[in-house]
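Encoded as structure tokens, the structure appears first; notes follow it.
Protein chains in written order, with the working numbering: chain A, 1 to 126; chain B, 1001 to 1362.
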């Protein structure tokens, strides 16, 4: 799997990731996992959902070289016909978007079954 | 035998023994007759009003997402100006309703998002070259059971899903897609009790639906203004109101107007009815309904008819009866049609049956 690297300013502020569907009324929820530079899991960085779509990853200095993985789903609401969704993952520093992407499986329709997605990225402090 | 079970057994025996006048008491091998008693009249609106106006329904309905997809789909319905029979699609015309937060704050966005457009074609009749084409809208005006409109419901589900992922621990960074599917399936199973609990709490929330549809006949299948004639139109509305947490009261009205081109052809059909559904506690359920149905025919007023349909069904687990070992459901129903034209006496019957899958559900 090709993991994108996202460059952050070493002297900049906190880095965060926002996971939402900004154009459709969909419930998007999940967990952001942290991995060190050797790709060893270090636990959860936080959870995202409608009430809190943004997860703080840490300062640029402390997470340089770390990997992150957003694992979540568009939660089914029993829509008939199935309704459209498009998940957008945005990596921010000081509330400024550095990278915005729709993950694989992040777009489609949702009916009776949750639609899971996963998106991994690496933070490079440079 | 407990006092309650003795009571149920006695009640059943009494029902079977009562001479119901012209009505017969019949034991049925399955739930079919029982089910038809409470399903002849639909107390909702058609999920796709367009299809309700067509003589046959397409085997597959295309769920269209974007306006571009809609245009592409429609463009495949004709070849050299002639309509194909058997096409069907549905589409949310207002699918970009903003974020979930915006949706929750604006009832107008909720109505727009829930609105579904449907369209379809069907052969007018066996052997005919005419093609019927229909379009319709389903508009759920009020839906207090809409889970995404309630921030508390959304929060409960999302918290449960997050907890289900956390409980599985972090996945490998290079885990296979199959592994992620497995984790997602596991999370979905873990949150199912939350979904069930939400569904049980919201089963009888206030709902008001509207449906409208129009159908035209394309002569020889030609899809051109001068080859199209209006054929029929339909209007449906249904209202469901909670009465406490155990009762739902529903009302429905439906009207279909048809372009009757020959004497004796049906030109109007209408239904007005009401229903009560009661789920007092445990697995006991009761449904009682009454509806007035009428039909009018062109140039044959002597054929015009109007009748009342009534149906009552009591359903309970077979284990309510002492000595009944097989697990399943017992339904006791009474009803039929009153004062239908050409029939001197009400066609009422008492039915009771044992079956595996329950008929009355919240």
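We put the CB at the ideal spot given by N, CA and C, even for glycine.
Length of the line joining the Cα atoms of residue i and residue j
i                       : j                       : result
residue 1019 of chain B : residue 1319 of chain B : The pLDDT assigned to residue 1019 of chain B is 40, lower than 50, so where the model puts this residue is not dependable; a value taken from the coordinates is nonetheless given after this. Cα to Cα, the separation comes out at about 27 Å.
residue 7 of chain A    : residue 75 of chain A   : 31 Å
residue 1195 of chain B : residue 1299 of chain B : 54 Å
residue 113 of chain A  : residue 1047 of chain B : 19 Å
residue 1350 of chain B : residue 1357 of chain B : 20 Å
residue 1305 of chain B : residue 53 of chain A   : 60 Å
residue 1185 of chain B : residue 1286 of chain B : 36 Å
residue 1270 of chain B : residue 1238 of chain B : 13 Å
residue 1272 of chain B : residue 1292 of chain B : 5 Å
residue 5 of chain A    : residue 1158 of chain B : 29 Å
residue 28 of chain A   : residue 1079 of chain B : 42 Å
residue 1248 of chain B : residue 1094 of chain B : 30 Å
residue 1085 of chain B : residue 1188 of chain B : 39 Å
residue 1394 of chain B : residue 79 of chain A   : Because residue 1394 of chain B is not part of the residues shown, which for chain B are 1001 to 1362, the question remains open.
residue 1076 of chain B : residue 1112 of chain B : 27 Å
residue 1312 of chain B : residue 1329 of chain B : 16 Å
residue 1023 of chain B : residue 1339 of chain B : Residue confidence is low: residue 1023 of chain B scores 47 on pLDDT, short of 50, so the model does not pin down where it sits. No coordinate-derived value is stated.
residue 1347 of chain B : residue 1206 of chain B : 34 Å
residue 1125 of chain B : residue 1132 of chain B : 9 Å
residue 1282 of chain B : residue 37 of chain A   : 56 Å
Cβ-based neighbour list, residue i, same chain, cut-off 6 Å, excluding 5 preceding and 5 following
i                       : result
residue 1114 of chain B : 1140
residue 126 of chain A  : 7
residue 45 of chain A   : 32, 34, 55 and 57
residue 1235 of chain B : 1212 and 1255
residue 1190 of chain B : 1164
residue 26 of chain A   : 74 and 85
residue 1314 of chain B : 1286 and 1332
residue 1144 of chain B : 1205 and 1206
DSSP beta-bridge partners of residue i
i                       : result
residue 1272 of chain B : B/1253 and B/1292
residue 1064 of chain B : B/1091
residue 1307 of chain B : B/1293
residue 1082 of chain B : B/1079 and B/1222
residue 15 of chain A   : A/58 and A/93
residue 1143 of chain B : B/1207
residue 129 of chain A  : Residue 129 of chain A lies beyond the stretch modelled for chain A, which goes from 1 to 126, so this question has no answer here.
Sequence-distant residues of its chain with Cβ nearer than 7 Å to residue i (five each side left out)
i                       : result
residue 86 of chain A   : 21, 23, 24, 102, 106 and 107
residue 1148 of chain B : 1100, 1103 and 1154
residue 1110 of chain B : 1103, 1146 and 1149
residue 63 of chain A   : 15, 57 and 123
residue 1279 of chain B : 1246, 1285 and 1362
residue 1266 of chain B : 1258, 1260, 1295 and 1297
residue 98 of chain A   : 6, 8, 91 and 92
Proximity of residue i and residue j at Cβ, strictly below 8 Å
i                       : j                       : result
residue 1365 of chain B : residue 1054 of chain B : With chain B covering only 1001 through 1362, there is no way to say anything about residue 1365 of chain B.
residue 1117 of chain B : residue 1146 of chain B : no
residue 1244 of chain B : residue 1274 of chain B : no
residue 1214 of chain B : residue 1152 of chain B : no
residue 1258 of chain B : residue 1231 of chain B : yes
residue 1034 of chain B : residue 1333 of chain B : yes
residue 60 of chain A   : residue 30 of chain A   : no
residue 82 of chain A   : residue 109 of chain A  : yes
residue 1197 of chain B : residue 1130 of chain B : no
residue 1056 of chain B : residue 1087 of chain B : no
residue 1367 of chain B : residue 1310 of chain B : Because chain B spans 1001 through 1362 in this model, residue 1367 of chain B falls outside it and cannot be assessed.
residue 1064 of chain B : residue 1058 of chain B : no
residue 9 of chain A    : residue 92 of chain A   : no
residue 1138 of chain B : residue 1049 of chain B : yes
residue 970 of chain B  : residue 1352 of chain B : Residue coverage of chain B in this structure runs from 1001 to 1362, which leaves residue 970 of chain B outside it and unanswerable.
residue 48 of chain A   : residue 72 of chain A   : yes
Inset, instruction - Examine the Cβ distances between the stretch 1155-1174 of chain B and the stretch 1223-1233 of chain B and report whether three or more of them are shorter than 8 Å. - result: They do not touch, by the three-pair rule.
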